[in-house]
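Asker: Sharing a structure, written as C-alpha cells. Questions coming.
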Amino acid sequence: MKNMDWSSLGFGYLKTDYNVRCYFRDGKWGELEISSSETINMHMAATCLHYGQEAFEGLKAFKGKDGKIRIFRLEENAKRLQSSCDGILMEKFPVEKFNEAVIKTIKLNERFVPPYESGASLYIRPLLVGTGPQIGVSPANEYLFIVFVMPVGPYFKEGFKTTPVCILREYDRAAPLGTGTYKVGGNYAASLVPGQKAHDMGYSAVLYLDAKEKKYIDECGPANFFGIKNNTYVTPESTSILPSITNKSLIQIAESMGMKVERRQVPVEELSTFEEAGMCGTAAVISPIERIDDLNEEKTYTFSKDGTPGKISEKLYRKLRAIQYGDEPDPFGWITVVE
C-alpha cells in the first residue's frame, strides 16, 4: 500500500482484499471460507432482517516498531460475541474458530495493516447474522459468521483532546433487563436519533441515564463512562450497560498503577465531584470529556477549561496504547501476536 495516506484515514468502511466466512447449517458450523465479495446473498425472510438476530464485535490490530502485528484482546471479543448469542438466541460461534477466522483475515489483508509511525490501526469487524427464513417470531436454523477488516486513522488527529457531552433525559439507550448488555444492532438503532440531535447541537455524544429512575449514569452512546476522583477510577454498574473490553482493561491498568477502582451505581449529582471524566471504547481507547450539559435540568459539570485532558486519563490512555503497539510489555496477557 505504497500510496496510502495512512494519517488522513478516518473511521469508516474501506474495501480490502478478502473476508472470511463460516456457515451454520444442518446443526453444525462448517469450515472457514475465503471470499473477495463485499455482499451477502440472503433470504428475504432471514431472521436478522425481521427480528434483529444479529450481533457484532469490534477490535483492532496494531503494527509495532518491530514490524509484528498485535491483536488486542482477541479472546475477550470472542467470549463477548458468545454472550450476545445467548442474549438473542443465536447459535454460538466457537471461540477457537473465532480466533482462527480473525487471524486468517488479518493475514489475507496484511498489506492494509497501517505502519507503526502512522498512528493508524487495522479495525476488525466480526459479524454474526441469522440467515434462516422464519416468519413466526423464532430463532433461525441457519447462521452466517463473517470477519472483515479495514485500516482506520488515528482517532485524535489534532492530539488527545476533550469534547463536550450532553444528557438528554427524553431518550433511553436500553431497558434495564433488555439487550443493553449485548453488542447487538438494536441498541445502536435506538441511539441514532438522540445521537444525531446531540451532534447537531455540537456535542460529541449523549450520556444516558438509567431508563427506570433517571437517577444514575448508564453509558454514552458508543462507549462506557468513567470518572476520576481521589485517585479512584469510578465506572457505573447497571443491567443495561455493554461490558466494554476497553473499560475492563483500563480498570486493570488503574489497579496496577495503585488506584482504587469502584464499579457501582453513580448518581447523576456525583458528576460534580469528579476531577476528570471520560468515555472509553475500541475506537478512541479514551475520549476525555470537557463538560457534561444536563440539558433538561440546565446544569453543567465541567472537567476541563482549556481542552486539556486530565493527567490520570492521559496516563491511562498512553499506557493502554503502549501495550497495544508493543512499546511496553504486556503483563496482562492481552496481546495475540500474528505469527
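Residues -4 to 334 in my numbering are what the sequence shown lists, from first letter to last.
C-beta: ideal position from N, C-alpha, C; glycine also.
Is the CB-CB distance between T158 and E270 below 7 Å?
Answerer: Counting from 1 along the sequence shown, the entry for residue 158 is found at position 163. Counting from 1 along the sequence shown, the entry for residue 270 is found at position 275. Not in contact: T158 and E270 (Cβ atoms no closer than 7 Å).
Asker: Taking the CB atoms as reference points, tell me whether L266 and I287 lie closer together than 7 Å.
Answerer: If you number the sequence shown from 1, residue 266 lands on position 271. If you number the sequence shown from 1, residue 287 lands on position 292. Cβ atoms of L266 and I287: closer than 7 Å.
Asker: Would the beta-carbon of N104 fall within 7 Å of that of V147?
Answerer: In the sequence shown, the residue the question calls residue 104 occupies position 109. In the sequence shown, the residue the question calls residue 147 occupies position 152. Result no, Cβ atoms of N104 and V147 do not sit closer than 7 Å.
Asker: Should A56 be counted as a contact of the ligand FAD given a C-beta to heavy atom distance under 6 Å?
Answerer: Of the ligands one can find in the structure shown there are none, so the ligand FAD has no counterpart to examine.
Asker: Could you name the residues of the same chain whose beta carbon sits closer than 7 Å to that of N226, not counting the 5 residues immediately before and after it, in chain order?
Answerer: Within the sequence shown, numbered from 1, the residue matching residue 226 stands at position 231. So the list reads M254, K255, once near-sequence residues are dropped.
Asker: In this structure, does DSSP put W24 in helix, strand or coil?
Answerer: For the purposes of this step, residue 24 is taken as the residue at position 29 of the sequence shown. If DSSP states are grouped into helix, strand and coil, W24 belongs with the strands.
Asker: Look at V179 and I83 and say whether their C-beta atoms are less than 7 Å apart.
Answerer: As a position in the sequence shown, residue 179 is number 184, starting the count at 1. As a position in the sequence shown, residue 83 is number 88, starting the count at 1. Yes, they are a contact pair.
Asker: What's the gap between the Cα of T241 and the Cα of R120?
Answerer: Numbered from its first residue, the sequence shown carries residue 241 at position 246. Numbered from its first residue, the sequence shown carries residue 120 at position 125. Rounded to whole angstroms, T241 to R120 spans 16 Å at the Cα level.
Asker: From D61 to K156, what does the alpha carbon distance come to, in whole angstroms?
Answerer: As a working note, residue 61 is residue 66 in the sequence shown. As a working note, residue 156 is residue 161 in the sequence shown. Rounded to whole angstroms, D61 to K156 spans 29 Å at the Cα level.
Asker: Going by beta carbon distance, what residues of the same chain come within less than 7 Å of E95, once the five residues before and after it are set aside?
Answerer: Numbered from its first residue, the sequence shown carries residue 95 at position 100. Answer for E95: L27, listed in chain order.
Asker: Excluding the 5 residues flanking C215 on each side, which residues of the same chain have their C-beta closer than 6 Å to its C-beta?
Answerer: Taking the sequence shown and counting its residues from 1, one reaches residue 215 at position 220. Result list for C215: A200, L202, M274, in chain order.
Asker: Based on DSSP bridge pairs, tell me the residues matched to S30.
Answerer: Counting from 1 along the sequence shown, the entry for residue 30 is found at position 35. According to DSSP, S30 bridges with N14.
Asker: Could you pull out every residue in the same chain whose Cβ sits closer than 6 Å to the Cβ of I141, ignoring the five residues on either side in sequence?
Answerer: Within the sequence shown, the letter at position 146 stands for residue 141. Here the set comprises N14, R16, L122.
Asker: Tell whether a beta-carbon distance below 7 Å holds between F298 and A279.
Answerer: As a working note, residue 298 is residue 303 in the sequence shown. As a working note, residue 279 is residue 284 in the sequence shown. No.
Asker: In terms of alpha-carbon separation, which member of M252, G22, Q48 lies closest to T126?
Answerer: Start at 1 with the first residue of the sequence shown, and residue 126 comes out as number 131. The residue with the shortest Cα to Cα distance from T126 is Q48.
Asker: Taking the DSSP output, what are the residues bridged to G222?
Answerer: Numbered from 1 along the sequence shown, position 227 holds the residue referred to as residue 222. For G222, which the question treats as bridged, DSSP gives the partners V229, A272.
Asker: By Cβ distance below 7 Å, which residues in the same chain neighbour G302 in space, the five residues on each side in sequence not counted?
Answerer: Walking along the sequence shown from the start, residue 302 turns up at place 307. So the list reads K156, T157, E285, once near-sequence residues are dropped.
Asker: Which of helix, strand or coil does DSSP assign to Y320?
Answerer: Looking up residue 320 in the sequence shown gives position 325. DSSP places Y320 in helix when its eight states are reduced to three.
Asker: Straight-line CA distance for T261 to S186?
Answerer: The residue you call residue 261 lines up with position 266 of the sequence shown. The residue you call residue 186 lines up with position 191 of the sequence shown. The sequence given here places Val at residue 261; Thr does not occur at that position. So the alpha carbons of these two residues sit roughly 21 Å apart.
Asker: Report buried or exposed for E86, applying the criterion of at least 16 other Cβ atoms within 10 angstroms of its Cβ.
Answerer: Looking up residue 86 in the sequence shown gives position 91. E86 is buried by the Cβ-count criterion.
Asker: I'd like the span of the alpha helix (DSSP H) that includes V188, first residue to last.
Answerer: As a first step, residue 188 is located in the sequence shown; it is residue number 193 there, counting from the start. Segment 180 to 195, the alpha helix (DSSP H) holding V188.
Asker: Can you give the Cα-Cα distance for P89 and A249, rounded to whole angstroms?
Answerer: Indexing the sequence shown from 1 puts residue 89 at position 94. Indexing the sequence shown from 1 puts residue 249 at position 254. Rounded to the nearest angstrom, the two C-alpha atoms are 31 Å apart.
Asker: I think L290 touches C161, with their Cβ atoms under 8 Å apart; what is that distance to the nearest whole Å?
Answerer: Working through the sequence shown from its first residue, we reach residue 290 at position 295. Working through the sequence shown from its first residue, we reach residue 161 at position 166. Contact flag correct, Cβ pair sits at about 5 Å.
Asker: Tell me the DSSP bridge mates of A200?
Answerer: Here residue 200 corresponds to residue number 205 of the sequence shown, with the count starting at 1. V160, per the DSSP bridge assignment.
Asker: Among N136, R20, S244, Y118, which residue has its Cα nearest to the Cα of K314?
Answerer: Translated into the one-based positions of the sequence shown, residue 314 becomes position 319. Considering only alpha carbons, the answer is S244.
Asker: Determine the burial state of R65: buried for a count of at least 16 other Cβ atoms within 10 Å of its Cβ, exposed for fewer.
Answerer: Along the sequence shown, one-based indexing puts residue 65 at 70. Buried, because 16 or more other Cβ atoms sit within 10 Å of the Cβ of R65.
Asker: Do the region -4 to 14 and the region 99 to 116 touch if we need at least three Cβ pairs shorter than 8 Å?
Answerer: As far as the Cβ criterion goes, the region -4 to 14 touches the region 99 to 116, which means the pair count is three or higher.
Asker: By how many angstroms is the C-alpha of L139 removed from the C-alpha of L76?
Answerer: To locate residue 76, count along the sequence shown from 1; it is residue 81. To locate residue 139, count along the sequence shown from 1; it is residue 144. Answer to the nearest angstrom: the Cα atoms are 13 Å apart.
Asker: Less than 8 Å between the CB atoms is what I'm expecting for A40 and P149, so what's the real figure, rounded?
Answerer: If you number the sequence shown from 1, residue 40 lands on position 45. If you number the sequence shown from 1, residue 149 lands on position 154. About 42 Å separates the two Cβ atoms, so there is no contact after all.
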